[in-house]
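Please read the structure below before turning to the comments.
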Amino acid sequence: MTEYVPISHRDNENGTKLFEILMPRFGLGVWQMDKNECKSSILHALENGYRLIDTATAYGNENAVGEAIKISKIPRDEIFVVTKLRRVHATGFDETISQCRESLQRLNLDYVDLYLVHAPPEDISVRGDVWGAMEECLRLGLTRSIGVSNYGINHLESMREYATILPSVNQIEVHPWLQRAELRKANEGIGAVTMGYSPLARGHKVNDPSLVSIAQSIGCTPAQAAIKWVYDTGCITIPKSSNPNRIIENKESLNIDISDFTDSFSSLEESYISGWNPTIEP
Ligand SMILES: NC(=O)c1ccc[n+]([C@@H]2O[C@H](COP(=O)([O-])OP(=O)(O)OC[C@H]3O[C@@H](n4cnc5c(N)ncnc54)[C@H](OP(=O)(O)O)[C@@H]3O)[C@@H](O)[C@H]2O)c1
-18 MTEYVPISHR DNENGTKLFE ILMPRFGLGV WQMDKNECKS SILHALENGY RLIDTATAYG
42 NENAVGEAIK ISKIPRDEIF VVTKLRRVHA TGFDETISQC RESLQRLNLD YVDLYLVHAP
102 PEDISVRGDV WGAMEECLRL GLTRSIGVSN YGINHLESMR EYATILPSVN QIEVHPWLQR
162 AELRKANEGI GAVTMGYSPL ARGHKVNDPS LVSIAQSIGC TPAQAAIKWV YDTGCITIPK
222 SSNPNRIIEN KESLNIDISD FTDSFSSLEE SYISGWNPTI EP
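Just so we're aligned, residue -18 is where the sequence shown starts under our numbering, counting upward by one.
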């Protein structure tokens, strides 16, 4: 059974909850999948109970995501689609709206469920305009919810100065080697649910001997232990796999009880960034 979490949009002026929608807490990330791989992985994942797909314009596979959704014959409103405004396109109000429309064209969808700013726009002076356009995308019904990705505490604090509606989600790298308690708390403070990406640190940490030993004690695979840890912190969790067996293995991690191993997981923290880290940029 897919578990859902409410993601809400708050009024920046008084903190009132404007509305919320339900989002699956677990899904498939499709970064670094070519088109065929992306289509077959999504179809396999949907057949095995996944209902959340995380893509981005930058991944170059929005078309394949749309095709897989059509082929699956699963009603559109049962699948939660996330895509992201590419950083190089996050240059202003009009560009943001036209990029959202272009994503919808590639996806062949009338709306996405969550539209994210992929990373804080490089030009600090346009961040307010870009977010204003995200709010407009919401009003126009191009997306059911809006959020950010790779925003650090300072970026979230600045949003208080320019946002009308606060983000419902901040998607950031989270895994046992980069636990990010402070940033997760800051997300909560602004009313955003944390979506944790790269739960396996892009695969770099699947063979970590300390993780392997924890997994042996739990009685699961190392990947399952790491994924379940991210999930149990309250993050929406989106492991990527193009391997049919692993797509199932990763979802089965949700049935594993890791509650006796809290200290072991705490000791894995090593501030390990697996790729980029825009959260520390100005
Ligand atoms: N917002 C952002 O800036 C951002 C950045 C990075 C990622 N993301 C999102 O987060 C998703 C997940 O992160 P990620 O793709 O970076 O990495 P990840 O999910 O941490 O790891 C994926 C890697 O682990 C391997 N793997 C998956 N399941 C496994 C298992 N059960 N056992 C052993 N190896 C396994 C995969 O290989 P196989 O495919 O061969 O199984 C792949 O090489 C992305 O796809 C994307 O949607 C967002």
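Positions of the beta carbon are idealized from the N, C-alpha and C atoms, including for glycine.
Item, Value
"So within the stretch 203 to 242, which uninterrupted beta strand (DSSP E) runs reach at least 3 residues, ignoring any that extend past its ends?", "none"
"How would you call Leu9, buried or exposed, if buried means at least 16 neighbouring beta carbons within 10 angstroms?", "buried"
"Return the residue from the list Val(-14), Ile(-12), Asp(-8) and Asp91 that minimises the CA-CA distance to Tyr143.", "Asp(-8)"
"Do Trp257 and Asn131 have their C-beta atoms within less than 9 Å of each other?", "yes"
"What three-state label does DSSP hand His185 in the structure shown?", "coil"
"Locate the beta strand (DSSP E) running through Lys54, then write down its first and last residues.", "Run containing Lys54: none; DSSP gives neither H nor E here."
"Shorter than 8 Å, the distance from the beta carbon of Leu249 to the closest heavy atom of ligand 1, or not?", "no"
"Determine, using beta carbons only, whether Gln152 and Gly128 come nearer to each other than 9 Å.", "yes"
"So what does DSSP say about Ser79, is it helix, strand or coil?", "helix"
"According to DSSP, is Ser21 helix, strand or coil?", "helix"
"What do you reckon, is the C-beta of Asn(-5) under 8 Å from a heavy atom of ligand 1?", "no"
"In three-state DSSP terms, what is Ile134?", "helix"
"To which residues does DSSP link Asp(-8) through a beta bridge?", "Ile146"
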